[in-house]
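**Q** The sequence shown: position 185 = 691 (this note's numbering), numbered continuously.
Idealized CB from N, CA, C, for every residue including glycine.
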Amino acid sequence: MKQGRIETITTRIISTIFVVVALAVFKPFGLDAWQWQAYVHLVVLGVIGFSICLMTDIILKYVVKMPRSFKKGVEYIIHRNLWFQFINTPLVALGICLYRHFVLSDRVEGNHFSVVNFLETLIIIAFCSFAIGLYWRFKFRSKYLAMELEETRLLNEQLQKLQQDQIVAKPESVAKETEDLPSSTLTLSGTTNESVTLQISNLLFIEAVGNYVKVSHLRDGQVHTDMLRATMKQMEETLQGYPMIVRCHRAFLVNLGQVEQIVSHSGSTQLLIKHCHESLPVSRSNMSQVRAAIHKVS
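Below you can see the structure in the form of structure tokens.
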């Protein structure tokens, strides 16, 4: 059995034990009426919970198409864990409700299946799930940070290689590879008469500022900024033919060819821009787009 699979099963067992201990302490669902038999019921509930956790993993793998993987990065792991809790919590609550109805209703009539009982059970399991999630997040924080740093290091290596390849590429090969792409000279315009003409390789980034966009670019070796009355959507549509220019944040479009370094710190990612002291934020929703652009172009 692979080490990752063993770790997953161990995590599920510890989480199940946590829930069983919480139920043993607070004794909801009328468990105190069963005296010593309550502990037998708690063991059975633990088995039910663990089985549903394994079933949730199967659902994630084959239905949601999100198999367990540490190679896809921290963002994928966090996203998958959220999906796991979203699916697993109501399933566990339903399993416990059915057990309450068919087994625990002999001595406690209030255990018969109903919407109220399901919501009550769902709230209890959701609270336990939230507490468990905080525990595992703290437990694996250092591991996740190490994975995030390694992922950033690999992205920086790919980005630097991509930029170096563009610099040393022969003019003939560049012309052949880019003959079907838009011209390297581009004119950006907004809803008014203002426009900016620039070499696409000299574009640094575009920032949304209210009803305007700020275009930062190089001209004669100096950083210039021009304001256009336009939306980010308009800019994105104009630049969609250039794979090196991607949306890194709802307020920023960046030229990856002008990124000096990708920096990851405490769960946040930033792009350090060449020729200026700007650092652009990368939102979680756009990180996959930046990553895909680097892989695609390289």
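1. Tell me which residue opens and which closes the beta strand (DSSP E) that residue 762 is part of.
2. Figure out for me which residue from 794, 731, 627 and 513 has the closest Cα to the Cα of residue 645.
3. Could you tell me if residue 728 is buried or exposed, where buried requires 16 or more neighbouring beta carbons within 10 angstroms of its beta carbon?
4. For residue 565, tell me which candidate among 519, 511, 791 and 594 has the shortest Cα-Cα distance.
5. Taking the alpha-carbon of residue 582 as reference, which of 769, 654 and 745 has the nearest alpha-carbon?
6. Determine the direct distance from the alpha carbon of residue 639 to that of residue 680, and round the result to whole angstroms.
7. Below 8 Å, how does it come out for the region 737–751 and the region 705–722: are there three or more Cβ pairs, yes or no?
8. Round the Cβ separation of residue 785 and residue 776 to the nearest angstrom and send it over; I've been treating them as touching at under 8 Å.
9. So what does residue 711 bridge to, in DSSP terms?
10. Determine the DSSP secondary structure at residue 787, reduced to helix, strand or coil.
11. According to DSSP, simplified to helix, strand and coil, what is residue 701?
12. Does the Cβ of residue 523 have 16 or more other Cβ atoms within 10 Å, making it buried, or fewer, making it exposed?
13. Buried or exposed for residue 798, going by 16 or more other Cβ atoms inside 10 Å?
14. For the candidate residues 550, 568, 792 and 546, whose alpha-carbon lies nearest to that of residue 757?
15. Between 751, 612, 700 and 525, which has its C-alpha nearest residue 540's C-alpha?
16. Give the straight-line distance between the Cα atoms of residue 771 and residue 782, rounded to the nearest whole angstrom.
17. Kindly give me the distance between the Cβ atoms of residue 762 and residue 800, rounded to whole angstroms, as I take these residues to be in contact under 8 Å.
18. Judging by CA-CA distance, which residue of 752, 718, 599 and 698 is the nearest neighbour of residue 709?
19. Apart from the five residues just before and just after residue 780, which ones in its own chain have a Cβ nearer than 6 Å to its Cβ?
20. Within the continuous beta strand (DSSP E) that includes residue 549, where are the two ends?
21. In angstroms with no decimal places, state the Cα-to-Cα distance between residue 517 and residue 668.
22. Report the residue from 695, 599 and 724 whose alpha carbon sits nearest the alpha carbon of residue 743.
23. Does the Cβ of residue 659 have 16 or more other Cβ atoms within 10 Å, making it buried, or fewer, making it exposed?
24. Have a look at the DSSP bridge pairing and note the partners of residue 629.
25. What's the gap between the Cα of residue 553 and the Cα of residue 601?
26. Can you have a look at residue 545 and say buried or exposed, based on whether 16 or more other CB atoms are within 10 angstroms of its CB?
**A** Let me lay it out:
1. That residue, residue 762, is in no beta strand (DSSP E); it is neither H nor E in DSSP.
2. The residue with the shortest Cα to Cα distance from residue 645 is 513.
3. So residue 728 counts as exposed.
4. Of the listed residues, the one whose Cα sits closest to residue 565 is 594.
5. Looking at the Cα atoms, 654 is the closest of the given residues.
6. Low per-residue confidence applies at residue 680: pLDDT is 41, beneath 50, and the placement is therefore not dependable enough to give any value.
7. Contact between the region 737–751 and the region 705–722 is present, because at least three Cβ pairs lie under 8 Å.
8. Right, their Cβ atoms sit about 5 Å apart.
9. Residue 711 is bridged to 722 and 760.
10. Residue 787 falls in the strand class under three-state DSSP.
11. Here residue 701 sits in strand by DSSP.
12. Its Cβ having fewer than 16 others within 10 Å, residue 523 is exposed.
13. Classification for residue 798: exposed.
14. Ranked by how close their Cα comes to the Cα of residue 757, the residues 550, 568, 792 and 546 have 792 in first place.
15. For residue 540, the nearest C-alpha among the options comes from 612.
16. Taking the straight line from one Cα to the other gives about 20 Å.
17. Sure, about 6 Å apart at Cβ, within 8 Å.
18. Taking only the C-alpha atoms, the option nearest residue 709 is 752.
19. So the qualifying residues of the chain are 764 and 766.
20. Per DSSP, residue 549 belongs to no beta strand (DSSP E); it is in the alpha helix (DSSP H), 543–568.
21. For residue 517 and residue 668, the gap between their C-alpha atoms comes out near 40 Å.
22. When the alpha-carbon of residue 743 is set against those of 695, 599 and 724, the nearest one is in 695.
23. That one is exposed.
24. Per DSSP, none; premise fails for residue 629.
25. Here the C-alpha atom of residue 553 lies approximately 11 Å from the C-alpha atom of residue 601.
26. A residue is called buried when at least 16 other Cβ atoms come within 10 angstroms of its Cβ; residue 545 does not meet this threshold and is exposed.
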